[in-house]
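First residue of the sequence shown? That's 93 in this note's numbering, and the numbers climb one at a time after it. Note that CB positions come from ideal geometry on N, CA and C, so glycine has one too.
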Amino acid sequence: MVKWKESGLIILAGLIVGAAAIVLVLLGNPANMGFCIACFLRDIAGGVKLHTAPIVQYVRPEIAGLVLGALIMALAGKEFSVRGGSSPMARFVLGFCVMVGALMFLGCPLRMVIRLGGGDGNALLGLVGFAIGIFVGTLFLRAGFSLKKSTPQPMVEGFLMPAVAVGLLVLLVGAPTLLAFSESGPGSMHAPILAALVAGLVVGALAQKTRLCMVGGIRDALLFRDFHLLSGFVAIFVAVLVGNLILGSFHPGFAGQPVAHTDGVWNLLGMVLVGVGSVLLGGCPLRQLILSGSGNSDSSMAVLGMVVGAAFCHNFGLASSTDGPTAAGKVAVILGLVVVCAIGGLNLNKQK
């Protein structure tokens, strides 16, 4: 009975997340981008002027909402646990590499599912690459990969990432002149601040309660034949698909998809990198944000690695565009695969 209750809860959470993604697009977010952790962290990096790409600069309230929603739910459920110290630099580098792969594909695993629900065929190749990456990551897990055990940390550690989220909201509402705002492109498309924040709070709370994680879903399916976590993302896909069909926004095909490119090889390889890196981190970008709001400073390091990775990608021409990947971006993805596999190989428990 408990298992069925848990399955029903994660499916309901997935349906709500998918519906929220559709509503955010209706309210102004870019098409097929109601939620995208990678894209939104990239926009925030631009909004606080860590990079100067003019079309992707905006402090997204959804990200602050995700962190604060997770904090509220963790405190309410007595699950706020302040831990850290588990290979923080390795986690920072893994987060950096995950962002390199995500900006090659132009989306995180959550956006990949949302793109699939909008009919974007390029996301199918991303899904294949993502599954391959997760499979490779599970090989490291089977071989005894570990970033060592985290330990209890001072209480202040657990509240620092939520404090950053609050600080970003204060800047956005109270001192917008200090920030950068896109006047065209994806960064200029956004839902009203309050709506975006509420959506983030709801999704953050649901994701904390249900442990929603795309990487964990496929990983558990491969390792244990457990489809519990995966069912949440299937529900997100169904909700987005139905919503797009009702609104006439379902456009199947490869060409002309919003904020996407058609280079299949690099869509696939970018998500291979995201998959491997996320398995080694212990969760997808969404899960890392949720954990950072629940007191886990190791996940906060991974999130900071993603933010710096996003800035680096745009400052040095690594990020893809609708025209396709750049030569430098292709090199970065290959190097990223080498780096994450090296981290995986050098952190094997030989006794295991």
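Item                                                                                                                : Value
Beta-carbon gap between lysine 141 and alanine 267 smaller than 9 Å                                                 : no
Contact with chain C by glutamine 300, beta-carbon distance below 9 Å                                               : Included in the structure is just one protein chain, with no chain C present.
Arginine 175 (DSSP reduced to helix, strand or coil)                                                                : strand
Those residues which DSSP pairs with proline 244 across a bridge                                                    : Arg175
Rounded straight-line distance, which links the Cα of phenylalanine 325 to that of alanine 297                      : 16 Å
Contact the stretch 108 to 126 vs the stretch 328 to 340: 3+ CB pairs below 8 Å                                     : yes
N- and C-terminal bounds of the alpha helix (DSSP H) containing aspartate 76                                        : Residue 76 lies beyond the range of the chain shown here (93 to 444); nothing can be said about it.
In DSSP terms, what aspartate 212 is bridged to                                                                     : Gly345
CB of valine 148 within 9 Å of CB of cysteine 131, strictly                                                         : yes
Buried or exposed by the 16-neighbour rule on C-beta atoms within 10 Å, applied to alanine 156                      : buried
Residue burial classification, glutamate 87 (beta-carbon count within 10 angstroms, cutoff 16)                      : Lying outside 93 to 444, the shown extent of the chain, residue 87 is not represented and no answer is given.
Beta-carbon proximity of valine 185 to asparagine 388, cut-off 9 Å                                                  : no
Pairwise C-alpha distance: methionine 398 and leucine 383                                                           : 14 Å
Option nearest methionine 393 by Cα separation, candidates Thr302, Val190, Gly421                                   : Val190
Threonine 144, buried or exposed, once every other Cβ within 10 Å from all chains shown has been counted against 16 : exposed
Pairwise C-alpha distance: leucine 339 and phenylalanine 329                                                        : 15 Å
Distance between histidine 282 and glycine 120 (C-alpha atoms, nearest Å)                                           : 5 Å
Assigned secondary structure, methionine 93 (DSSP; H/G/I helix, E/B strand, else coil)                              : Since pLDDT at methionine 93 reaches only 47, below the 50 mark, its modelled position is unreliable, and the value read off the structure follows with that caveat. Methionine 93 falls in the coil class under three-state DSSP.
Three-state secondary structure (DSSP) of phenylalanine 273                                                         : coil
Anticipated Cβ contact below 8 Å, alanine 352 with arginine 207, distance rounded                                   : 7 Å
Opposing strand residues paired with serine 413 [DSSP bridges]                                                      : Gly416
With 16 other Cβ atoms within 10 Å as the buried cut-off, status of alanine 359                                     : According to the sequence shown, residue 359 is asparagine rather than alanine. Asparagine 359 comes out buried.
Local Cβ density within 10 Å of glycine 100, reported as buried at 16 or more and exposed below that                : exposed
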